[in-house]
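Taking this note's numbering, the leading residue of the sequence shown gets -19, the next gets one more, and so forth.
Structure first, then comments.
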Amino acid sequence: MSAASSQHLSSADAAWLHMDRPTNLMVINSVLLFDEQLDWERLTEVVRQRLVEAYPRFRQRVAEGRLPLSAAGWVDDEDFDLARHMHRRGLPAPGDEAALKQLAGDLASIPLDRGKPLWDMYLIDGPVPGCAVIVRMHHCIADGIALARVMLSLTDNTPENEPQVERPPRRPRSGSGRGRAVGAPLAALGGSLSAAIAPAASAASATSRLARTGLDVLARPGRALELADLLAADARALAKLLFTSADAASVLKGELGAARSVAWSQPLPLRQVKAVAHAQGATVNDVLLAAVSGALRGYVTARGERPHELRTLVPVNLRALDPSAPLELGNRFGLVFLTLPVDRSNRRERLRELKRRMDEIKHSPEGPVSYAVLEAVGLTPAPVESRMVDIFTAKATAVMTNVPGPGETVYLAGKPLRTVLVWAPTAGSVGMSVSIFSYDGQITVGLLVHAHAVPDPEAIVNRLQRELAAMARLAPSVHSELA
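Here it is as structure tokens:
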């Protein structure tokens, strides 16, 4: 068997595979919106060439080890049939956006079939006019940054590009796959929004970093003080990860069930958010998370609860954003705690405090340290891993992600893509995912929640849009335009 047809899951990928629960599926869900109807045959051919043939992982299934501690692996699906992954369906009446949200939430509640490669794609005829594409991929395949690049490899800069049926794409040498070059859209990944937070420590894990530094100290004993500082910083990061207490109870942390709901904002002009960030000496990400804090404050207050700080999990990207670099699938990110200042009533103060906390995280080794912990978790027996996930996720109320997309319009199967929505999964007892995606000069914020815990996610989205409009006052030039 070739290396591309059989390959062990990394311990980090195995951890995400085993985190699946009926109440929290480890599936990345996305919705792509179009103003025109896609051609089914053309879409299927694009997926065949640019996904299935370009990335072997998407025609491989997971095979669990036969012994208790033996590793799971990727094996070729000998019965692979693209028709089992590509689905077409219509929306129930009235076929509007509300019906699409209901369908997206229903699909997000359904486990992927472990007997075949862990992904599915749906062409949804409607909402009128246009259509939608819903994509579901298991987190053990790759993280959000890698899967965003994979999905962009399906798109073109112009509507004229056609799949070349007679000339299949060149296969990569390994099971990870590289995909085709997509020019400007893929290059834009490093653009408008940073991928959550990407600290200078873009190295793999904290353990490898310490090992390299330790060897250097043996050769140059004068570096012992530097090593001591490094060890102290990593020790503090590890202590924060392990010994942070459980997040306080709130109306956002209700009992979890299998049913999920989704909601999303109208596209928000990136230019306006940038203007607020510039005026306040902050980043776009700071402004958006401060707006989310304000929206959650309004929501819990309306539910009769006194606002208090809410702890969230934020992914820290540990892979290069250089689009010219070979793309490796799998998971290369850490998770860090970010406490949202929901208790603060003043918008300027919320933004200032949010920026301070984000800056603190950016200059800490928390991302690489948490990735090393995740690798270790993936090596433990299933009952131990499940218990560790419960302890860790009890410390947070929500997951916050921020994925950058192309800065201009791209085309899928010849049709312009209007809006992109992506929801990261929530693990353990975490019940809410807030996902920010930038595309074509617009920002869209989406919510994925447990229907029982948060029965009205639209109320949070509506408050978020009002909060961002109010924050425009922090940038005089934008405020005068909107007045």
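Where is the CB? At the ideal position from N, CA and C, for every residue including glycine.
Leu98 and Ile121 closer than 8 angstroms at C-beta: In this structure, Leu98 lies near Ile121, with their beta-carbon atoms less than 8 angstroms apart.
Asn4 - containing alpha helix (DSSP H), residue span: Counting along the chain, Asn4 falls outside any alpha helix (DSSP H), and DSSP gives it neither H nor E.
Are the CB atoms of Met(-1) and Ala407 nearer to each other than 8 angstroms? At the C-beta level, Met(-1) and Ala407 come within 8 angstroms of one another.
Other residues of its chain near Thr3: CB distance less than 8 angstroms, five sequence neighbours each side excluded: These residues qualify, in order along the chain: Leu236, Gly237, Ala238 and His430.
Which full runs of the alpha helix (DSSP H) of 4+ residues lie inside the region 361 to 391, going along the chain? Within the region 361 to 391, the complete alpha helix (DSSP H) runs of at least 4 residues are 362 to 373.
Within a Cβ cutoff of 6 angstroms, which residues of the same chain sit near Val294, ignoring the five residues on either side of it in sequence? Only residues of its own chain outside the window of five on either side were considered, and among them Ala176, Val316, Leu318 and Met380 have a CB closer than 6 angstroms to the CB of Val294, listed in chain order.
Ordered along the chain, which non-local residues of its own chain (more than five positions away) have a Cβ less than 6 angstroms from that of Ser409? Cβ within range, chain order: Thr373 and Ala374.
Under three-state DSSP, which class holds Lys395? The answer is strand: DSSP assigns Lys395 an E or B state.
For the candidate residues Pro36, Ala356, Ala217 and Pro384, whose alpha-carbon lies nearest to that of Ser(-9)? It is Ala356 whose Cα lies nearest to the Cα of Ser(-9).
Assuming Ile416 and Val253 form a contact by the criterion Cβ under 8 angstroms, report the distance between their Cβ atoms to the nearest whole angstrom. Rounded, the Cβ-Cβ distance is 10 angstroms, inconsistent with contact.
Sort Leu23, Pro348 and Val390 by Cα distance to Ala217 and report the nearest one. If we check each option's Cα against that of Ala217, Pro348 comes out closest.
Residue range of the alpha helix (DSSP H) that Ser350 falls in? Going by DSSP, Ser350 is part of the alpha helix (DSSP H) stretching over Glu346 to Val357.
One or two residues paired with Asn326 in a DSSP bridge: Residue pairing by DSSP places Asn326 opposite no residue, since no beta bridge is assigned to it.
Is it true that the CB of Leu92 sits closer than 8 angstroms to the CB of His118? Leu92 is positioned such that its CB atom lies closer than 8 angstroms to that of His118.
Leaving out five residues on either side along the sequence, give the residues of the same chain with a beta carbon under 6 angstroms from the beta carbon of Leu269. Closer than 6 angstroms at Cβ, skipping near neighbours: Leu334.
Report yes if the C-beta distance between Trp54 and Gln40 is below 8 angstroms; otherwise report no. Taking the C-beta atoms as reference points, Gln40 is found nearer than 8 angstroms to Trp54.
For Gln(-13), which three-state DSSP category applies? It is a strand residue.
Cβ neighbours of Gln445 in the same chain (closer than 8 angstroms, five flanking residues each side left out): Within its own chain, the residues whose Cβ lies closer than 8 angstroms to the Cβ of Gln445, once the five positions on either side in sequence are excluded, are Ser245, Gln246 and Leu248, listed in chain order.
Own chain, CB closer than 8 angstroms to Pro456, minus 5 neighbours either side, in chain order: So the list reads Ala259, once near-sequence residues are dropped.
So, does the region 24 to 43 touch the region 327 to 347, judging by three or more C-beta pairs under 8 angstroms? Of all C-beta pairs linking the region 24 to 43 to the region 327 to 347, fewer than three are shorter than 8 angstroms, placing the two stretches out of contact.
Which one of Leu320, Leu290, Gly310 and Asp76 has the shortest CA to CA distance from Arg129? Checked all of Leu320, Leu290, Gly310 and Asp76; the closest Cα to Arg129 is Gly310.
Measuring only the C-alpha atoms, how far is His(-12) from Asp61? Between His(-12) and Asp61, the alpha-carbon positions lie close to 23 angstroms from each other.
Using a 10 Å radius around the Cβ and a threshold of 16 neighbouring Cβ atoms, would you call Val7 buried or exposed? So Val7 counts as buried.
Look at the alpha carbon of Arg367 and the alpha carbon of Ser225, and state the distance between them as a whole number of angstroms. Between Arg367 and Ser225, the C-alpha separation is close to 15 angstroms.
So which of Thr377, Leu127 and Ala352 has the shortest CA-CA distance to Ser230? Residue Thr377 is the option with its Cα nearest to Ser230.
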